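Chemist: Residue numbers (the UniProt record's numbering): 11 to 396. Cβ atoms here follow ideal geometry from the backbone N, Cα and C, with glycine treated the same way. Owing to the predicted nature of the structure, the values given are computational and were not obtained by experimental measurement.
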Ligand code: GDD
Ligand code: MN
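1) How do the stretch 143-152 and the stretch 211-231 stand: do at least 3 beta-carbon pairs fall below 8 Å, yes or no?
2) Taking DSSP's pairing of strands, which residues face residue 64 in a bridge?
3) Taking only the alpha-carbon atoms, compute the straight-line gap between residue 392 and residue 367 and give it to the nearest angstrom.
4) Ignoring anything shorter than 4 residues, give me the alpha helix (DSSP H) runs that lie fully in the stretch 77-104, in order along the chain.
5) Would the stretch 242-255 and the stretch 291-311 be scored as touching if the rule is three or more Cβ pairs under 8 Å?
6) Could you have a look at residue 324 and say whether DSSP puts it in helix, strand or coil?
7) For residue 289 versus residue 316, is the C-beta spacing smaller than 8 Å?
8) For residue 312, I'd like the list of residues in its chain whose CB is within less than 8 Å of its CB, leaving aside the five on either flank, ordered along the chain.
9) Mind listing which residues have their beta carbon within less than 7 Å of any non-hydrogen atom of ligand 2? Chain order is fine.
10) Scan the stretch 222-275 and note each continuous beta strand (DSSP E) run of 3 residues or more that stays entirely inside, going in chain order.
11) In this structure, what does DSSP give as the bridge partners for residue 205?
12) Leaving out the 5 sequence neighbours to the left and right, which residues in its chain are closer than 6 Å to residue 113 when beta-carbon positions are compared?
13) Exposed or buried, what is residue 240 when buried is set at 16 or more other beta-carbons lying within 10 Å of its beta-carbon?
14) Give me the DSSP bridge partner(s) of residue 39.
15) When every heavy atom of ligand 1 is checked, does at least one fall within less than 7 Å of the C-beta of residue 317?
16) Just to check my reading of the structure: residue 139 and residue 88 have Cβ atoms closer than 8 Å, yes? What is that Cβ distance to the nearest angstrom?
17) Per the contact definition of three or more C-beta pairs closer than 8 Å, is the stretch 188-201 in contact with the stretch 71-91?
18) Determine the burial state of residue 295: buried for a count of at least 16 other Cβ atoms within 10 Å of its Cβ, exposed for fewer.
19) Taking 6 Å as the limit between beta carbons, can you name the residues of its chain near residue 60, skipping five residues before and five after?
20) Looking at ligand 1, does it come within less than 7 Å of residue 393, judged from the CB to the closest heavy atom?
21) Is residue 193 near ligand 1, with its Cβ less than 7 Å from a heavy atom?
22) Go ahead and pull the three-state DSSP assignment for residue 106.
23) Helix, strand or coil for residue 126 per DSSP?
24) Which partner residues does residue 148 have in the DSSP bridge list?
25) Closer than 7 Å to a non-hydrogen atom of ligand 1 - does that hold for the CB of residue 344?
26) Residue 47: buried (16+ other C-beta within 10 angstroms of its C-beta) or exposed?
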C-alpha cells in the first residue's frame, strides 16, 4: 500500500517510454530563481557528461515556475544542448518533490541530483559516476570525508549543521550512521535501489529518504568543498529545520512500527484479563479441572488477542475480501507463534532463575518483555506479512 502523498519511482519494466529509449543516467537540476546560474551549470555539466557517456544521459531542469523565468532561460538552451529537458511545475512546489518528479519523468538507469547554483562543484560528477560504475548503489558527494569541507561558514552555521547531524544520529542511527554528510543534496542512486519504494517528500533532505527507504548495500562517498554562492539567493529558512525533524520522526515511525507495537502491547494486556476472567468462570463457578481450565482460558485469551490485533493493530492489512478469506490461516499462525512464545517464556524463566539466580518475578518480567517482542515480530512478519 502506498501511503497518501507518497511518490513512487517505477522500475523500468513499468515505464513504456523508458523501455523505448532507456539511458544510462538522468541528472535532475532543481531550480528556483536560478536565472543567473542556469546557463553556466548546464554548459559545464553537458561538457563533463559528453566526455564520459555522450548520448547516454539527460539533464532535467525542474523549475517551480520561478518569477525570474528560469524555466524560460533553460528552454532557450535546448537547441544548443539537445539532451536537456525542462519541467515547469505550476501546481506543486518544493525541492524534494521537484527531485522526485524529475526522477519519475527520467529514463536513466542511474538517477542523480545537483544544485543549480554552482555550490556543488560539477567536476566531482565524474568521481561520483566512477563509484557507480564500480558497483555502488548510492554515490554521495560529502563535505565530511577527505577532500571535503565548507568554504566560509560561520561557527554558528557549522554548529547548526553538526547539531542537525547529531540529532539525526540519535533518532535514526541505522540510516544517518551510514552517511558522513546526510544533508548532502548532491548524489546519484541506482534506479533499481529505489524503484517501487514509496518516497514521501516531506523533507528538504531527499538523500535521507533515499537511504532510509531504498535497498542500498553499498554507499560510496566522495569529498567536495561546498562553495559559496556567487549569484542568486539561498531558499533555506528556519522552516527547513522543522521539516527536517518531522522527516526524521516520520521515518522512525515508518522503519520501526512503533504504533503497531504499542497497540500489540495494549491488546496483549487485555488478554491477561480475559484469561483470568475465563479461568475464574471455568474453575471456580463451573468447577472444571485446573489443567483444562488453564488451557481453555489461554485459548480464549489468544482468540481475543487475535481478533483485536486483526481488526485494530493490523487492521489496515487484514481488510478486504482477500483478508477475510485468510483470517483463519492467520489465526492458526498466531496460535503457533504464541505457543512458541510460551515455550521461550518458560525457558528464559528457568535459565534466569536456575542458572543466574535471578529473582523469579524479575526473571518473569524479563521473559515477558522478550516474548512480547518475539510474538510481535513474528506475527508482523508471518501472520500479517509486513
Ligand atoms: N524546483 C525547486 N523548488 N528547486 C528549489 C526549491 C524549490 O522549492 N528550493 C530550492 N531549490 C533549488 C535551488 O534553486 C538550488 O538549485 C537547490 O535547490 C538548492 O537550494 P539552495 O537554496 O541553494 O540551498 P542551500 O544552498 O542552502 O542548500 C544546499 O546545501 C545542502 C547541504 O547543506 C543544497 O545543496 C541542498 O541540496 C543541500 O542538501
Ligand atoms: Mn545553494
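Modeler: This is what the structure gives:
1) With a cut-off of 8 Å, the stretch 211-231 and the stretch 143-152 count as touching, because enough Cβ pairs lie within range.
2) Taking the first residue of the chain shown as position 1, residue 64 is located at position 54. According to DSSP, residue 64 bridges with nothing at all.
3) Residue 392 sits at position 382 when you count from the first residue of the chain shown. Residue 367 sits at position 357 when you count from the first residue of the chain shown. Answer to the nearest angstrom: the Cα atoms are 35 Å apart.
4) Segments of the alpha helix (DSSP H) lying fully in the stretch 77-104: 80-87.
5) Result no; under three Cβ-Cβ pairs closer than 8 Å.
6) In the chain shown, the residue the question calls residue 324 occupies position 314. Under the three-state reduction of DSSP, residue 324 is assigned to coil, being neither helix nor strand.
7) Taking the first residue of the chain shown as 1, we reach residue 289 at position 279. Taking the first residue of the chain shown as 1, we reach residue 316 at position 306. Cβ distance not < 8 Å, so residue 289 and residue 316 don't count as in contact.
8) Position 302 of the chain shown, counted from the start, is the residue given in the question as residue 312. The residues are 281, 344, 345, 348.
9) Cβ atoms closer than 7 Å to ligand 2 belong to 125, 127, 129, 239, 244.
10) Whole beta strand (DSSP E) segments, 3+ residues: 229-233.
11) Residue mapping note: residue 205 aligns to position 195 of the chain shown, counting from 1. 19.
12) Counted from its first residue, the chain shown places residue 113 at position 103. Result list for residue 113: 19, 121, in chain order.
13) Numbered from its first residue, the chain shown carries residue 240 at position 230. Exposed is the call here.
14) Counting from 1 along the chain shown, the entry for residue 39 is found at position 29. Residue pairing for residue 39: DSSP places it in a beta bridge opposite 71.
15) By one-based count along the chain shown, residue 317 stands at place 307. No - ligand 1 has no heavy atom lying nearer than 7 Å to the Cβ of residue 317.
16) On the chain shown, residue 139 is found 129 positions in, with the first residue counted as 1. On the chain shown, residue 88 is found 78 positions in, with the first residue counted as 1. With a Cβ gap of about 23 Å, residue 139 and residue 88 do not count as contacting.
17) At 8 Å Cβ cutoff, the stretches do not touch.
18) Position 285 of the chain shown holds residue 295. With fewer than 16 Cβ atoms within 10 Å of its Cβ, residue 295 is classed as exposed.
19) Mapped onto the chain shown, residue 60 falls at position 50. For residue 60, where only same-chain residues beyond five positions count, there are no Cβ hits under 6 Å.
20) Along the chain shown, read from residue 1 onward, the residue named residue 393 stands at position 383. For residue 393, the distance from the CB to the nearest heavy atom of ligand 1 is not below 7 Å.
21) In the chain shown, the residue the question calls residue 193 occupies position 183. Yes; taking the cut-off as 7 Å, the Cβ of residue 193 has a heavy atom of ligand 1 nearer than that.
22) Position 96 of the chain shown, counted from the first residue, corresponds to residue 106. DSSP, reduced to helix, strand and coil, places residue 106 within a helical segment of the structure shown.
23) Here residue 126 corresponds to residue number 116 of the chain shown, with the count starting at 1. Three-state DSSP puts residue 126 in coil, outside helix and strand.
24) One-based indexing of the chain shown puts residue 148 at position 138. Answer is 199, 229, bridged to residue 148.
25) Residue 344 sits at position 334 when you count from the first residue of the chain shown. No, Cβ of residue 344 sits at least 7 Å from all heavy atoms of ligand 1.
26) The residue given as residue 47 occupies position 37 in the chain shown. With 16 or more Cβ atoms within 10 Å of its Cβ, residue 47 is classed as buried.
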